[in-house]
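Take 1 as the starting number for the sequence shown in the UniProt record's numbering and just add one per residue. Cβ atoms here follow ideal geometry from the backbone N, Cα and C, with glycine treated the same way. Since the structure is predicted, the reported quantities are computational estimates derived from the model, not experimental observations.
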Amino acid sequence: MEQPTDHIDADALALVALGEPSDDAVVRSHLDRCELCRAELEALRSTITVARSTMGEVALIEAPARVWQAVRGELGLDPALQPPSRPARVPSVVSVSSAPSPVVELITRRERRAGIRRMTAVVVASAAAAAIITGGILGWGAAAPRDAGQVLAATALDALPDWQSASGDATLAQRADGQRVLRVSLDAEVAERVVREVWLLTPEIDGLISLGYLTSGSGEFIVPDSVDLARYSVVDISAEPLDGDPTHSGDSIVRGALDV
């Protein structure tokens with residue numbers, strides 16, 4: 001098949017990568033015919049998925065002197081050349097903040113679509129920067145897992161009616177530095193272009209807080225200090241379509257309450 005020579009505008013391609021439905025027949029037709037634009041689209045989607053996911057923080061260890069000596073020798077560099085200073089740590093997607101985490105009522109879950117378009121360039125650029133910087137940091141040093149912490153509570157996550165075959169569990173732990181970590185696992189198959197998002201809900205389901213996305217069968221998420229787990233005690237994992245809407249879809253897969 002002959003490949004087109006005129007390609008999709010970068011902004012339009014970024015919108016498609018973020019999950020915005022394209023009503024432009026020209027864009028859809030071009031993607032069907034152009035391998036280059038399809039490859040760029042998949043690369044953007046992969047970068048955005050990495051930036052959205054929260055895989056648990058790691059503490060970076062400086063590489064020993066013998067590693068730098070071997071690098072200098074392999075590359076033919078000046079023996080006196082010193083390694084670069086370590087870049088500032090890239091914050092987790094869900095970072096601990098002194099400001100209260102936003103609480104979203106379920107009734108408003110589909111009212112923020114318009115704002116996504118205004119944020120397209122920022123999200124894509126930030127996602128790319130985060131992926132590049134994180135890759136660079138890990139490339140210069142070895143990653144060591146943070147301490148597992150003391151278990152505060154654990155619960156099974158029960159399947160909701162539309163997901164009878166699903167199952168999961170959740171464990172809340174506190175590290176020596178006081179940081180709270182929620183570890184979840186999920187056994188459930190979701191459709192293409194659907195991601196799994198982890199939430200904390202109130203028992204009455206009148207408020208919720210997103211912790212991040214599961215990119216595999218299990219994940220680790222930092223619980224901000226400002227979150228009152230006596231109030232937001234229910235762990236919920238939902239199926240979220242890639243439609244550009246950051247609010248809860250209403251399609252919960254599993255759910256369970258932590259006794260904190």
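Sort the options by Cα distance to residue i and report the nearest one.
i      : options                        : result
Val26  : Ile8, Gly19, Ala14, Ala39      : Ile8
Ser216 : His30, Val198, Leu44, Arg175   : Val198
Ser238 : Ala154, Ala70, Ser167, Leu31   : Ser167
Ala154 : Val260, Arg45, Cys34, Ser210   : Val260
Pro224 : Asp78, Gln179, Glu192, Thr47   : Gln179
His248 : Leu229, Glu220, Gly219, Leu211 : Leu211
Gly219 : Leu229, Asp251, Pro246, Asp169 : Asp169
Arg33  : Ala10, Asp6, Thr47, Asp11      : Asp6
Ile205 : Leu81, Ala80, Gly250, Glu192   : Gly250
Let me know the secondary structure DSSP gives residue i once reduced to three states.
i           : result
Gly250      : coil
Ala10       : helix
Ala239      : strand
residue 322 : Residue coverage of the chain in this structure runs from 1 to 260, which leaves residue 322 outside it and unanswerable.
Val26       : helix
Gln164      : coil
Ala170      : strand
Leu75       : helix
Arg231      : coil
Arg38       : helix
Arg255      : strand
Val198      : strand
Leu214      : strand
Val67       : helix
residue 279 : Missing from the structure shown is residue 279; the chain here goes from 1 to 260 and no further.
Ala191      : coil
Taking the continuous beta strand (DSSP E) assigned at residue i, which residues delimit it?
i      : result
Leu18  : Here Leu18 belongs to no beta strand (DSSP E), and DSSP marks it neither H nor E.
Ala153 : 150 to 159
Arg180 : 180 to 187
Arg175 : Note, Arg175: premise wrong, no beta strand (DSSP E); not H, not E.
Glu204 : From DSSP, Glu204 is part of no beta strand (DSSP E); its letter is neither H nor E.
Val223 : 218 to 223
Given a cut-off of 7 Å on the beta-carbon distance, is the pair residue i and residue j in contact?
i           : j      : result
Asp236      : Leu201 : yes
Val181      : Gly149 : yes
Gly256      : Leu160 : no
Trp163      : Ile253 : yes
residue 265 : Leu152 : No answer is possible for residue 265: it lies beyond the span of the chain, which begins at 1 and ends at 260.
Pro203      : Val234 : yes
Gly244      : Gly73  : no
Val194      : Pro241 : yes
Leu44       : Arg38  : no
For chain B, check one thing: does any of its Cβ atoms lie closer than 7 Å to the Cβ of residue i?
i      : result
Ala173 : The question asks about chain B, but that chain is absent: this structure has only one protein chain.
Could you round the C-beta distance between residue i and residue j to whole angstroms and report it? I think they count as a contact, below 8 Å.
i      : j      : result
Leu258 : Leu186 : Actually they do not touch by this definition, with Cβ atoms about 16 Å apart.
Ala17  : Leu36  : So it is not a contact: roughly 15 Å between Cβ atoms.
Leu214 : Arg231 : Their Cβ separation, rounded to whole angstroms, is 23 Å, which puts Leu214 and Arg231 out of contact at 8 Å.
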